[in-house]
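Asker: Per our numbering, the very first residue in the sequence shown carries number -3; after that it's consecutive.
Glycine included, C-beta positions come from ideal geometry on N, C-alpha and C.
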Amino acid sequence: MSAGVHNWGLVGHGWAVDFLQRAILSNHQSHAYLVSGPRHVGKALLALRLAQALNCESQAADPCGICRTCKRIAKNNYPDVRIASLVTQAAAAKADEAARQRDLRIDTVRTWLADINLRPYEGQRRVFILDDVERLTDGAANAMLKVLEEPPPYATIILLAHTAGDVMATIVSRCQRIKLRPVERTDIRDWLTGQSYALADAERCAAWSDGLPGLALAYAANPADTEAIRQQLDELIGLSQLSFTECVKWVEERNKAFRAGEQNDIYAMLTLWQRWWRDVLVTAAGTPSQLTWIDRQTDLVRVARGTGVEAAAQFLQVLALAIKQLRENANPQLVLEHVVLQIPDRR
Ligand SMILES: [Zn+2]
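1) Following the continuous alpha helix (DSSP H) through Y29, name the residue where it begins and the one where it ends.
2) If I'm right that S26 touches T159 with Cβ under 8 Å, what's the distance once you round it to whole angstroms?
3) Across the stretch 199 to 208 and the stretch 155 to 173, are there enough close Cβ pairs to call them in contact, namely three or more that are closer than 8 Å?
4) Beta carbon of S54: closer than 6 Å to some heavy atom of ligand 1?
5) Can you tell me whether I62 is buried or exposed, with buried defined as 16 or more other CB within 10 angstroms of its CB?
6) Compare the C-alpha of L155 against each of V105, L114 and A110 and name the closest.
7) Compare the beta carbon distance of D275 and L287 with 7 Å and say whether it is the shorter of the two.
8) Determine the DSSP secondary structure at L6, reduced to helix, strand or coil.
9) Using the C-alpha atoms, what's the distance from A86 back to D92?
10) Are the stretch 173 to 183 and the stretch 36 to 44 in contact at 8 Å, needing three or more beta carbon pairs?
11) Let me know the secondary structure DSSP gives R122 once reduced to three states.
12) Between the C-alpha atoms of Q338 and N113, what's the straight-line distance to the nearest angstrom?
13) Where does the unbroken beta strand (DSSP E) through R181 begin, and where does it stop?
14) What's the gap between the Cα of Q270 and the Cα of T65?
15) Could you tell me which uninterrupted alpha helix (DSSP H) segments, each at least 4 residues in length, are contained entirely in the stretch 262 to 335, listed from first to last along the chain?
16) Does any heavy atom of ligand 1 sit closer than 6 Å to the C-beta of C66?
17) Just checking P75 against ligand 1 - is the residue's beta carbon closer than 6 Å to any of the ligand's heavy atoms?
18) Count the other CB atoms within 10 Å of the CB of G207; is the residue buried (16 or more) or exposed (fewer)?
19) Using only CA atoms, which one of L232, A212 and L16 lies nearest to V247?
20) Does the Cβ of C63 lie closer than 6 Å to at least one heavy atom of ligand 1?
21) For my contact list, D58 and W11 are in at a C-beta cut-off of 8 Å; report their separation, rounded to the angstrom.
22) Report the partner residues of A80 according to the DSSP bridge assignment.
23) Distance check for R298 and G282, CA to CA, integer angstroms please.
24) Can you tell me whether C201 sits near ligand 1, meaning its C-beta is under 6 Å from at least one heavy atom of the ligand?
25) List the endpoints of the continuous beta strand (DSSP E) containing K175.
26) What does I153 pair with, by DSSP beta-bridge criteria?
Now the structure itself:
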């Protein structure tokens, strides 16, 4: 194999890199890829590396990372690589309009694809990367579908989505699918220590990240993020010590935040809470492996003793149901009130 950057500079996803390398070497690459996986797992980086590999001046199946082309693609300053997302759409809009945008619109897709039929200006292939594909409006999805039905000869389209299940089936069926899963914790830890982070910090950030390298790096690089997570967890653990009135007040604040458009923060909080109770559950069961909160084992043992396996398992079901109900547009005040009333270690 050619001498490129090891594993294209990605943490994990070696099978996806191998697969794409082989496709390039045998000249069997697809016209369209759909890369799915959770936020921070590495979708955008894989897409960028594929764009580099297809155009690298070394003409190998790997991006060398150091030629002028690789460097310009990395800086999003290369005429044959075109990237669009909710972020680029918002950047092109007025501030108040950008704040209201929830979907990828048809004009964004049309602008992004405008000259897709042209030959490459400089490189070997033109690469069109679109993020947030699960947020395409129906009109935008249909515009995209027309292009996928008759793929232009010089273009590679790379679509990125959280879950392929949220993407129009007719789009999915016309793409080569690449599903990225969370990365092994030890791989993330080693990657962080390789960047000179201390071992204990690397282990904690890897554990907290739940297999998402981008998130682990954010925790490692930003002490403020680490502190924010600690505070949020303390607050959640502390809820069991609050009176009913105080809990209702807490719920009211979360309800306001949810209705003010901070849904993602509330979902992130509920996910964090789920992971705390998963840790409590495995600790209570006497099988504390792959803990998220490796730096909170004293608290875990204390809460696990006070609740036990069954209550922890039941509360995990309550949390899972709450997330499902919120996604189905249930009333956040009622949903969250029900959750705090069910906290198993309530005073
Ligand atoms: Zn290169």
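Answerer: This is what the structure holds:
1) DSSP places Y29 in no alpha helix (DSSP H) but in the uninterrupted beta strand (DSSP E) bounded by A28 to S32.
2) At roughly 20 Å, the Cβ-Cβ gap does not stay under 8 Å, so S26 and T159 are not in contact.
3) No, the stretch 199 to 208 is not in contact with the stretch 155 to 173.
4) Checking every heavy atom of ligand 1 against the Cβ of S54, one is found closer than 6 Å.
5) Classification of I62: exposed, given that the 10 Å Cβ count is below 16.
6) Ranking the options by Cα distance to L155, first place goes to V105.
7) Contact check for D275 against L287 passes: the beta carbons are separated by less than 7 Å.
8) Coil at L6, not helix or strand.
9) Computed Cα separation, rounded: 10 Å.
10) Yes, they touch.
11) R122 falls in the strand class under three-state DSSP.
12) Going from the Cα of Q338 to the Cα of N113 covers about 58 Å.
13) Per DSSP, R181 lies in no beta strand (DSSP E); the unbroken alpha helix (DSSP H) holding it starts and ends at R181 to G190.
14) For Q270 and T65, the gap between their C-alpha atoms comes out near 44 Å.
15) Given a length threshold of 4 residues, each whole run of the alpha helix (DSSP H) inside the stretch 262 to 335 is given here in chain order: 293 to 303 and 305 to 323.
16) Yes, the beta carbon of C66 sits closer than 6 Å to at least one heavy atom of ligand 1.
17) Answer for P75: no, Cβ out of range of ligand 1.
18) Of the residues assessed, G207 falls on the buried side of the cut-off, its CB having 16 or more other CB atoms within 10 angstroms.
19) The candidate whose alpha carbon is nearest that of V247 is L232.
20) It does: the Cβ of C63 is within 6 Å (strictly closer) of some heavy atom of ligand 1.
21) That belief does not hold up - the Cβ atoms of D58 and W11 are roughly 16 Å apart, past 8 Å.
22) Per DSSP, L126.
23) Distance between the alpha carbons of G282 and R298 is about 13 Å.
24) No - ligand 1 has no heavy atom lying nearer than 6 Å to the Cβ of C201.
25) Boundaries of the beta strand (DSSP E) harbouring K175: Q172 to K175, taken from the DSSP string.
26) Bridge pairing for I153: A28 and F124 [DSSP].
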